[in-house]
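Residue numbers (UniProt numbering): 1 to 399. Read the structure below first, then the notes.
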């Protein structure tokens with residue numbers, strides 16, 4: 001555990017429980033200071049284990065990709081700070097009319113995204129991918145979670161030992177290696193606004209008259225900091241479909257242009273004036289920018305079996321995610337179990353569902369959320385002192 005100076009980004013560190021201490025009043029943008037101020041339990045565990053946090057921050061950046069073309073594209077972005085000139089016009093115009101057939105722009109005062117023709121979030125390499133403004137004053141100029149890095153946001157499905165994937169890195173249309181035939185349409189609940197929903201309809205045909213229909217409903221409510229995804233799967237073929245799984249994930253790049261790396265972990269704790277809320281590692285995977293303090297998470301408490309993973313190999317296979325075969329030890333953060341792990345790397349965050357088998361005409365439904373937030377410094381609250389009982393004045397006692 002002490003040999004943490006290897007030149008790799010994102011050594012996964014898992015710690016046993018130790019006593020936390022309060023956040024430092026001195027703020028900077030180092031990884032050590034970030035952990036100390038925002039995640040003191042993790043920082044305290046790292047120091048107790050003699051982890052070299054500085055070496056993790058300044059190790060050579062990794063390029064974790066599924067293919068050479070993607071690696072080359074991301075490498076080119078790193079070599080030059082000058083990005084390709086984006087299309088002119090507003091983010092909504094770029095999404096819906098900027099060379100895209102059928103893109104749908106969703107926005108409230110906190111969150112904005114483009115739902116591409118292939119059903120993924122993002123607009124390829126064009127503005128905008130997925131943004132969040134914690135002030136709630138508009139989102140177009142907020143940091144983008146998907147650009148300028150490789151716009152990796154995908155959904156994948158397996159059944160009968162076949163894998164099907166649509167990925168925004170292939171562009172916003174049904175091109176490249178996208179192999180899930182998909183159509184999208186707007187679900188307007190607020191005609192004068194851009195909030196509302198999008199229905200993403202897909203139909204996958206397998207061998208021997210096998211067919212799986214998928215309806216994904218994306219919902220963005222007014223003043224909400226989350227995108228709700230409801231997935232309905234139905235067997236519309238003639239035989240039983242076996243081994244059905246579903247996955248969703250993204251490569252978060254909200255700290256660009258400073259770095260592609262994010263602080264990643266499975267599980268989370270929300271600290272409030274009352275009792276803290278601990279989210280199980282299988283129910284949430286979380287990535288935060290140590291510079292922007294912006295975070296994104298995939299979250300579900302659906303009864304259908306599911307798990308999350310942080311992946312340095314950028315896997316899009318739901319079976320990899322469910323089996324935790326994600327290319328690295330998993331950074332589990334589970335306070336009740338005494339684990340305070342974290343990962344600092346250019347990795348993806350993912351969630352997968354084990355749907356199982358579907359007989360003809362049978363359907364199953366599950367849901368999850370994209371959550372957005374800005375972190376606040378963690379301060380250990382002082383315990384409340386009991387209110388003193390004042391003595392009864394002598395004069396009033398004898399009246």
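For each residue, glycine too, the CB sits at the ideal point set by N, CA and C. Small disclaimer: the values here were computed from a predicted structure and weren't measured.
Per DSSP, residue 162 forms a beta bridge with which residues?
-> Paired residues: 159.
Alpha carbon to alpha carbon, how far is residue 229 from residue 163?
-> 21 Å
Note the first and the last residue of the continuous alpha helix (DSSP H) segment covering residue 37.
-> 31–38
Inter-residue Cα distance where the pair is residue 286 and residue 105 | Those two C-alpha atoms are separated by around 25 Å.
State buried or exposed for residue 23, treating a residue as buried only when at least 16 other CB atoms are found within 10 Å of its CB.
-> Interpretation of residue 23 is limited by its pLDDT of 35, a score under 50 that renders its predicted location unreliable; no figure is taken from the coordinates.
Nearest to residue 340 (by Cα), restricted to the options 330, 33 and 321 | Taking only the C-alpha atoms, the option nearest residue 340 is 330.
So the beta strand (DSSP E) residue 144 belongs to, where does it begin and stop?
-> Annotation for residue 144: no beta strand (DSSP E) segment contains it, and DSSP assigns it neither H nor E.
So, residue 298 versus residue 308, is the Cβ gap smaller than 8 Å?
-> In contact: residue 298 and residue 308 (Cβ atoms closer than 8 Å).
At what residues does the alpha helix (DSSP H) containing residue 95 begin and finish?
-> 91–96
Which residue from 271, 267 and 276 puts its Cα closest to that of residue 283?
-> 267
Should residue 359 be labelled buried (16 or more other beta-carbon atoms within 10 Å of its own) or exposed?
-> Counting the other Cβ atoms within 10 Å of the Cβ of residue 359 gives fewer than 16, which makes it exposed.
Thinking C-alpha only, which one of 209, 202 and 214 is nearest residue 237?
-> 209
If you pair each beta-carbon of the region 241–250 with each one of the region 348–355, do three or more pairs fall below 8 Å?
-> Output reads yes: the region 348–355 touches the region 241–250.
Exposed or buried, what is residue 276 when buried is set at 16 or more other beta-carbons lying within 10 Å of its beta-carbon?
-> exposed
Secondary structure at residue 235, three-state DSSP: helix, strand or coil?
-> Note: residue 235 maps to strand in three-state DSSP.
Per DSSP, which residues does residue 130 bridge with? Please list them.
-> Residue 130 is bridged to 113.
Can you check whether the CB of residue 300 is closer than 8 Å to the CB of residue 372?
-> no
Closer than 7 Å by C-beta to residue 258: which residues in its own chain qualify, once you throw out the five before and the five after it? Chain order, please.
-> Contacts found: 291.
Who pairs with residue 214 in a beta bridge, going by DSSP?
-> 202 and 233
If you follow the beta strand (DSSP E) that residue 343 is part of, which residue opens it and which one closes it?
-> 343–345
Which residues does DSSP pair with residue 270 in a beta bridge?
-> 277
Could you check if residue 135 is buried or exposed, using at least 16 other CB atoms within 10 Å of its CB as the buried criterion?
-> exposed
Hey, how far is the Cα of residue 145 from the Cα of residue 160?
-> 34 Å
DSSP beta-bridge partners of residue 310 = 349.
Inspect the beta-carbon positions of residue 327 and residue 316 and report whether they are closer than 8 Å.
-> Between residue 327 and residue 316, the C-beta gap is not smaller than 8 Å, which leaves the two residues out of contact.
Mark residue 288 as exposed unless 16 or more other C-beta atoms lie within 10 angstroms of its C-beta, in which case mark it buried.
-> buried
What residue from 345, 278, 374 and 364 has the CA that sits closest to residue 296's CA?
-> 374
Report the partner residues of residue 284 according to the DSSP bridge assignment.
-> 299
Integer-rounded CB distance, given that residue 252 should sit under 8 Å from residue 333 | Contact flag wrong, Cβ pair sits at about 16 Å.
Residue 123 versus residue 49: straight-line alpha-carbon distance, rounded | 43 Å
Between residue 365 and residue 322, what straight-line distance do the alpha-carbon atoms span, to the nearest angstrom?
-> Rounded to the nearest angstrom, the two C-alpha atoms are 18 Å apart.
Who are the Cβ neighbours of residue 302 in its own chain at under 8 Å, not counting the five residues just before and after it?
-> 353, 366, 367 and 368
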